[in-house]
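Residue numbers (numbering that gives the first Met the number 0), protein chains in the order written: chain A, 0 to 390; chain B, 0 to 331. Taking it in order: structure first as structure tokens, then the write-up.
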Amino acid sequence: MTSFLPAPGEPLPHYVSTAPFDPYSVEAMTDEQVRVNQASQLRLMWWKFRRHRLALASGIFLAVLYLSIVASEFLAPYNLHTRNMDYIYAPPQAVHLFHEGKFVGPFVYGRTMTLDMDTLKRNYTDDTKDVQRLRFFCRGDSYRFWGLFDSNVHLVCPAEGGQAFFLGTDRLGRDVLSRIIYGARISLTIGLLGITVSFVLGIVIGGLAGYHGGVFDLIVQRVIEVLQSIPSIPLWLSLAAIMPATWSPILIYLAITIILGLLDWTGLARAVRSKLLALREEDYVLAAQLMGAKSSRIIGRHLVPGFMSHLIATATISIPGMILGETALSFLGLGLRPPITSWGILLTEAKSVSVIAFYPWLLFPTIPVILVILAFNFLGDGLRDAADPYK
Amino acid sequence: MLRYILWRIAAMVPTLLIISALVFTIIELPPGDYFESYVSEIKAQGEGVDMEQIEALRKEYGFDQPAALRYVYWLGGMLKGDFGYSFEYELPVSAVVGDRLWLTILVSFVTIIFTWLIAFPIGIYSATHQYSWGDYGLSLMGLIGIAIPNFMLALILMYFANIWFGISIGHLMDQKYLAEPMSWAKAKSILEHIWIPVIIVGAAGTAGMIRRLRANLLDELQKQYVVTARAKGLSPMRTLVKYPLRMALNFFISDIGSILPAIISGAEITAIVLSLETTGPMLIKALQSQDMYLAGSFLMFLAFLTVIGVLISDIALAILDPRIRLQGRSTK
Numbered sequence: 000m001t002s003f004l005p006a007p008g009e010p011l012p013h014y015v016s017t018a019p020f021d022p023y024s025v026e027a028m029t030d031e032q033v034r035v036n037q038a039s040q041l042r043l044m045w046w047k048f049r050r051h052r053l054a055l056a057s058g059i060f061l062a063v064l065y066l067s068i069v070a071s072e073f074l075a076p077y078n079l080h081t082r083n084m085d086y087i088y089a090p091p092q093a094v095h096l097f098h099e100g101k102f103v104g105p106f107v108y109g110r111t112m113t114l115d116m117d118t119l120k121r122n123y124t125d126d127t128k129d130v131q132r133l134r135f136f137c138r139g140d141s142y143r144f145w146g147l148f149d150s151n152v153h154l155v156c157p158a159e160g161g162q163a164f165f166l167g168t169d170r171l172g173r174d175v176l177s178r179i180i181y182g183a184r185i186s187l188t189i190g191l192l193g194i195t196v197s198f199v200l201g202i203v204i205g206g207l208a209g210y211h212g213g214v215f216d217l218i219v220q221r222v223i224e225v226l227q228s229i230p231s232i233p234l235w236l237s238l239a240a241i242m243p244a245t246w247s248p249i250l251i252y253l254a255i256t257i258i259l260g261l262l263d264w265t266g267l268a269r270a271v272r273s274k275l276l277a278l279r280e281e282d283y284v285l286a287a288q289l290m291g292a293k294s295s296r297i298i299g300r301h302l303v304p305g306f307m308s309h310l311i312a313t314a315t316i317s318i319p320g321m322i323l324g325e326t327a328l329s330f331l332g333l334g335l336r337p338p339i340t341s342w343g344i345l346l347t348e349a350k351s352v353s354v355i356a357f358y359p360w361l362l363f364p365t366i367p368v369i370l371v372i373l374a375f376n377f378l379g380d381g382l383r384d385a386a387d388p389y390k
Numbered sequence: 000m001l002r003y004i005l006w007r008i009a010a011m012v013p014t015l016l017i018i019s020a021l022v023f024t025i026i027e028l029p030p031g032d033y034f035e036s037y038v039s040e041i042k043a044q045g046e047g048v049d050m051e052q053i054e055a056l057r058k059e060y061g062f063d064q065p066a067a068l069r070y071v072y073w074l075g076g077m078l079k080g081d082f083g084y085s086f087e088y089e090l091p092v093s094a095v096v097g098d099r100l101w102l103t104i105l106v107s108f109v110t111i112i113f114t115w116l117i118a119f120p121i122g123i124y125s126a127t128h129q130y131s132w133g134d135y136g137l138s139l140m141g142l143i144g145i146a147i148p149n150f151m152l153a154l155i156l157m158y159f160a161n162i163w164f165g166i167s168i169g170h171l172m173d174q175k176y177l178a179e180p181m182s183w184a185k186a187k188s189i190l191e192h193i194w195i196p197v198i199i200v201g202a203a204g205t206a207g208m209i210r211r212l213r214a215n216l217l218d219e220l221q222k223q224y225v226v227t228a229r230a231k232g233l234s235p236m237r238t239l240v241k242y243p244l245r246m247a248l249n250f251f252i253s254d255i256g257s258i259l260p261a262i263i264s265g266a267e268i269t270a271i272v273l274s275l276e277t278t279g280p281m282l283i284k285a286l287q288s289q290d291m292y293l294a295g296s297f298l299m300f301l302a303f304l305t306v307i308g309v310l311i312s313d314i315a316l317a318i319l320d321p322r323i324r325l326q327g328r329s330t331k
């Protein structure tokens, strides 16, 4: 058996590997690591956020809803104010695809109404002979798009001469689905506007208190404590009740957003203050001060951007409170007033038990309220986790 | 201990002062006063008004004086137990309010107890069975509890109580007991009615508390001492009850401070929908008719209730948790 080893004492052959040699190869990072290392803060947050499936789904859901308010007139099958006097309190109509086993595409059955002379209740029965095919991208009720120009194109409309109330009608024969779609415009924006007010207040007041400290900080601390200890709804009620009845609906809408924002800034102000207390000792703040920057510039340009993502996450979580607040105020008749239509206004229709017993479809506006609030909660949770991508 | 309690009570004074100033500003904000709306209402009915009498009333209640002075009078009166005069009812505020305050306190108190009873076992279960189906299901239920508006829940419960049990809910007692003094029959009637508002008001608070209790307990369960206790052979149940649960209990009591404002808020709205005999419906009416002393006293009272609730929770916490009691003293 021959050995591959050279015999003892024999000189070794000279050998140099011709393969290229990179002395840093051990320390080199894989492509994956390079990608992570060079990713921007924003990208890291996005990666982290993407992993939170529920938050992502909620974000998409909310984005779709907010996009829908751009084109409510087009999406709603009817005009907001159209009254169908022949179809008062009509129950929802089901959409069918098959008629007597044959596929005909989405359609609804025609309706006949009989009035029960004893109870004065309107009974609607489906007429299964009368197939009314739905039309898409069609001409129906006319509307003024954002009050700018007239049009009558809708995503979906009932057949010519027919009706299609997917979620039923209210006491004036107005289509509930259309009203929900229009109501989203007010209900969703009121939360955003309110949060903007409280955001500005929170950053300015919390920023000044945290950065300057001293007497101002002490006063702010007390005020925050007091505002947080007062039950918010009675306070909202009192502020809403003092609005003069002569104000125009738009003015009331703005006032309500401000009221909602005025009482909500405390949480944000606290967060900003405690962050600033820690950050103001940093060297870069000292550098900015030495260069003569004003405190407004230091707070706004150097300090706040550092934890903006946290603030946005915090703000997201407090939007649902505002939407609920508006709904409650409107429900009690102290918030918005018709003709402005919000989900809260729609729910005022369902104020008594008898309405729920006879016309339960008037409760449909509760569903978007619940879904939106859940979605904001999930989105807020996801954003809060993502705000700190290195964790 | 006594020192802590005294200090804590003293700290309430500035808080209440700021609240009273805030409340007074709010009830002063609307233009005009009760007499103006009263006069215009009577004129609208086509009747004559005795302006001299109105002026005399104005003078009597100090409406011709500057706001700051009136605030001082109002504050001074409240300290003496005189809450002012309700123009709408033409009675002193304390006579109008009467039972309603106690019923509000009763509803809030029972709601807190209910919140605890529900949130405690569910929170523990969720934390010890993290990511199980039970945990997910209960969390989802809790989230829905947060998301559904109080007043809608009230309406829906009213409806189903009617269908399933054939009772009409709403109100806090049978109407025949309204004007009667407290008796066993009245107490029984209140007990029969109180559970619906308690469930409705408690829903959101319970959900929030479960979430926070779960998060808190989860933090505790991951700590080293739990591992040590388990490694030494302590059974899981005993480990849980003996250490982490006691830590979480502290939090449980301190959490009153954060759920009490929410409970009182919710109670107001629910009371309006269910027409309970608490402060809610009367507060709204007083606000709308600018019956300012009545509205002001209600707001003051609600704020006072919260402040007292937080005070009690702080004191209970100090008794339970020596770290808080001894805060600031030298640690030896």
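Where a beta carbon is used, it is the ideal one built from N, C-alpha and C, also for glycine. Since we're looking at a predicted model, the values are computed, not measured.
Which residues, taken in chain order from the region 74-91 of chain B, show a beta carbon closer than 8 Å to some beta carbon of chain A?
Under the 8 Å Cβ criterion, the region 74-91 of chain B contributes no residue.
Cβ neighbour criterion (16 or more within 10 Å) applied to B:VAL92
Of the other Cβ atoms in all chains shown, 16 or more fall within 10 Å of the Cβ of B:VAL92; this residue is therefore buried.
Candidates A:THR347, A:PRO319, A:TYR142 and A:ARG82: which alpha carbon is nearest B:ILE143's?
Nearest option by C-alpha distance: A:PRO319.
Mind checking who A:TYR108 pairs with in its DSSP beta bridge?
Answer is A:VAL130.
Below 9 Å on C-beta distance, what does A:ARG221 contact in chain B?
Correct list: PRO13, THR14 and ILE17.
Three-state secondary structure assigned by DSSP to A:PHE136:
Strand.
Taking DSSP as the reference, what is the three-state secondary structure of B:HIS192?
Here B:HIS192 sits in helix by DSSP.
State the DSSP-derived secondary structure class of A:PHE73, mapped to helix, strand or coil.
Of the three classes helix, strand and coil, the one that applies to A:PHE73 here is helix, per DSSP.
Around the C-beta of A:GLN37, are 16 or more other C-beta atoms found within 10 angstroms, so that it is buried, or is it exposed?
With fewer than 16 other Cβ atoms inside 10 Å of its own Cβ, A:GLN37 counts as exposed.
Quick one: residues in its chain with C-beta nearer than 7 Å to the C-beta of B:VAL95, no 5 flanking neighbours on either side, listed in chain order?
Sequence-distant partners of B:VAL95 (beyond 5 residues in either direction) whose C-beta falls short of 7 Å from its own C-beta, in its chain, are SER85, TYR88 and LEU293.
Grouping DSSP H, G and I as helix and E and B as strand, with all else coil, what is A:THR393?
The structure shown does not extend to residue 393 of chain A, since chain A is modelled only from 0 to 390, so the question has no answer here.
Would the beta-carbon of A:LEU74 fall within 8 Å of that of A:LEU154?
In contact: A:LEU74 and A:LEU154 (Cβ atoms closer than 8 Å).
I'd like the ranges of any alpha helix (DSSP H) spanning at least 4 consecutive residues and lying wholly in the region 235-290 of chain A.
Counting only runs of 4+ residues, the alpha helix (DSSP H) found wholly inside the region 235-290 of chain A occupies 248-261, 264-278 and 282-289, in chain order.
Are there 16 or more other CB atoms within 10 angstroms of the CB of A:TRP360, so buried, or fewer, so exposed?
A:TRP360 comes out buried.
Name, going along the chain, the residues of the region 146-158 of chain B whose beta-carbon falls closer than 9 Å to a beta-carbon of chain A.
Of all residues in the region 146-158 of chain B, ALA146, ILE147, PRO148, ASN149, PHE150, MET151, LEU154, ILE155, MET157 and TYR158 have a Cβ within less than 9 Å of some Cβ in chain A.
Sequence-distant residues of the same chain with beta carbon closer than 8 Å to A:ILE68, five excluded per side
The answer, listed in chain order, is ALA183, ARG184, LEU187 and THR188.
Buried or exposed for A:TYR181, please, with buried defined as at least 16 other CB atoms from any protein chain shown within 10 angstroms of its CB.
Buried, by the Cβ-count rule.
For A:LEU236, go through chain B and note every residue whose CB falls closer than 8 Å to its CB, in chain order.
Neighbours of A:LEU236 on chain B, chain order: GLU267, LEU282, ILE283 and LEU286.
Three-state secondary structure (DSSP) of B:ARG210:
The answer is helix: DSSP assigns B:ARG210 an H, G or I state.
Rounded C-alpha distance that separates B:ASP81 from A:ASN83:
Rounded to the nearest angstrom, the two C-alpha atoms are 56 Å apart.
Touch test, the region 277-297 of chain A against the region 327-341 of chain A, Cβ-Cβ under 8 Å, three pairs minimum
Judged by Cβ distances under 8 Å, the region 277-297 of chain A makes no contact with the region 327-341 of chain A, as fewer than three pairs qualify.
Please say whether B:ILE193 and B:VAL272 have beta carbons closer to each other than 8 Å?
Their beta carbons are not under 8 Å apart, which means B:VAL272 does not touch B:ILE193 by this criterion.
Proximal residues of chain B, C-beta to C-beta of A:PHE330 below 7 Å
PHE150, listed in chain order.
Strictly under 8 Å for the Cβ-Cβ distance: is A:THR118 near chain B by that measure?
Judged by the 8 Å Cβ criterion, A:THR118 is not in contact with chain B.
Within the 8 Å Cβ cut-off, does B:ILE199 reach chain A?
Closer than 8 Å: no.
Taking 8 Å as the CB-CB limit, is B:ILE263 close to chain A?
Cβ-Cβ to chain A under 8 Å: yes for B:ILE263.
Tell me whether B:SER333 sits in a helix, a strand or coil according to DSSP, three-state version.
Given a span of 0 to 331 for chain B in the structure shown, any question on residue 333 of chain B remains unanswerable.
Partner residues on chain A for B:THR305, Cβ-Cβ distance less than 8 Å:
Those within 8 Å of B:THR305 in chain A are SER228, ILE229 and PRO230.
In its own chain, which residues sit with a C-beta less than 6 Å from the C-beta of A:LEU176, not counting the 5 before and 5 after it?
Here the set comprises PHE165 and LEU166.
One question on the structure: do A:SER231 and B:LEU298 come within less than 8 Å of each other, judged by their Cβ atoms?
No, they are not a contact pair.
Would you verify that the beta carbon of A:ILE255 is, or is not, closer than 8 Å to some beta carbon of chain B?
Residue-level contact check: A:ILE255 does not touch chain B, since none of the beta carbons of chain B fall below 8 Å from its beta carbon.
Just the chain A side, please: which residues come within less than 8 Å of B:PRO336 by C-beta, in chain order?
Lying outside 0 to 331, the shown extent of chain B, residue 336 of chain B is not represented and no answer is given.
Take the Cβ of A:LEU323 as the centre, count every other Cβ of all protein chains shown within 10 Å, and call the residue buried at 16 or more, exposed below.
Answer is buried; the Cβ neighbour count reaches 16.
Mind listing the chain A neighbours of B:ILE143? Cutoff is C-beta to C-beta under 8 Å, in chain order.
By Cβ distance, chain A contributes ILE369 and LEU373.
What is the residue span of the alpha helix (DSSP H) that B:ASN249 lies within?
From DSSP, the alpha helix (DSSP H) with B:ASN249 extends over 243-253.
Pick helix, strand or coil for B:VAL95, following the three-state DSSP scheme.
B:VAL95: helix per DSSP, three-state reduction.
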